[in-house]
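Input: a single structure, listed below in C-alpha cells.
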Amino acid sequence: MPKIEHAPHKDGDCFVNYENKVFEDVKANPGEKALITFHTVANEGSVGFVNLLQATRLIRKGFETSVLLYGPGVTLGVQRGFPRLGDEAFPGHMNCNKQIAKILEEGGKVYACRFALQALYGYGEQNLIPGITPINPQDVLDIILLARRDNAFILNTWTL
1 MPKIEHAPHK DGDCFVNYEN KVFEDVKANP GEKALITFHT VANEGSVGFV NLLQATRLIR
61 KGFETSVLLY GPGVTLGVQR GFPRLGDEAF PGHMNCNKQI AKILEEGGKV YACRFALQAL
121 YGYGEQNLIP GITPINPQDV LDIILLARRD NAFILNTWTL
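Residue numbers (the UniProt record's numbering): 1 to 160.
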C-alpha cells in the first residue's frame with residue numbers, strides 16, 4: 001500500500017490563488033442597463049441561483065438591473081417554505097427566494113410572466129414574492145427588445 005507523505009489539509013487552507021484577479025473590475029457607466037432572463041426550474045440545478053447572484057453583482061457594479069422570469073423561470077419567484085411559507089426546511093432551501101428579495105432590496109426589478117404562472121404552473125399573482133411585478137406574456141419579448149434597444153448587457157439563463 002502506498003504511504004501518504006504529506007499532511008492533510010485543514011480548514012482555512014486554499015487550493016487555488018483566489019486573490020489573483022486577471023481582468024479589471026468593470027463598473028457600469030452612468031445609465032448602463034442589464035437584463036437577466038430565466039427559463040429554468042427553481043432548485044433543479046445551480047444555474048438559476050448562480051445567475052441570481054450575477055444579477056446582484058451587476059446591481060452592485062452600478063447597472064440598472066432587471067430580472068425576467070418566464071416559462072419555468074417563474075418557479076424561482078413563487079413564495080415557498082416548509083412547513084410554513086418562509087421556513088427553511090434545510091440549509092439552502094430558500095436560496096433563490098432570499099436572493100430575489102436581496103435583488104429587490106438593492107434596487108433591481110423582477111418581472112414574472114402571468115401566462116407561465118397560471119397556465120403552466122397553476123400559480124396566481126398572490127403566490128409571487130412581494131415586489132415581483134407580474135407582466136403580460138407579450139411583454140416577455142418586448143422587455144428583451146427594449147434591453148437590446150438600450151444596448152443593455154443581456155444574460156440568458158436556460159436549462160432543458
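Where is the CB? At the ideal position from N, CA and C, for every residue including glycine.
*Check whether N127 and Q54 have beta carbons under 9 Å apart*: no
*First and last residue of the uninterrupted alpha helix (DSSP H) at K102*: Start and end: 95-105.
*According to the Cβ coordinates, are T56 and I103 closer than 9 Å?*
yes
*Can you tell me which of the three DSSP states L145 falls into?*
helix
*Work out the CA separation of E19 and E5 for me, nearest whole Å.*
28 Å
*Exposed or buried, Q138, counting other C-beta atoms within 10 Å across all chains shown (16 or more means buried)?*
exposed
_Assuming T75 is part of the alpha helix (DSSP H), what are its boundary residues?_
Where T75 is concerned, there is no enclosing alpha helix (DSSP H), given that its DSSP letter is neither H nor E.
*Can you tell me whether DSSP reads T159 as helix, strand or coil?*
coil
*Buried or exposed for S46, please, with buried defined as at least 16 other CB atoms from any protein chain shown within 10 angstroms of its CB.*
Classification of S46: exposed, given that the 10 Å Cβ count is below 16.
*Taking the Cβ atom as the reference point for each residue, do I144 and T37 lie within a distance shorter than 9 Å?*
yes
_Straight-line gap, D142 to G92 (C-alpha atoms, nearest Å)_ = 33 Å
*Can you tell me which of L120, I129, E32 puts its alpha carbon nearest to the alpha carbon of F153?*
E32
*Rounded Cβ spacing between H39 and G71 (contact assumed at less than 8 Å)*: 4 Å
*Of the choices P83, G62, E125, L68, whose alpha-carbon is the least far from that of E106?*
G62
*asked:* Could you tell me the alpha carbon to alpha carbon distance between F82 and F90, rounded to whole angstroms?
replied: 9 Å
*Identify, in the order they occur along the chain, each residue of the same chain with its Cβ nearer than 7 Å to the Cβ of G48, setting aside the five sequence neighbours on each side.*
F38, T40, A42, L76, C96, T157
*Where does T40 sit, in a helix, a strand or coil, going by DSSP?*
coil
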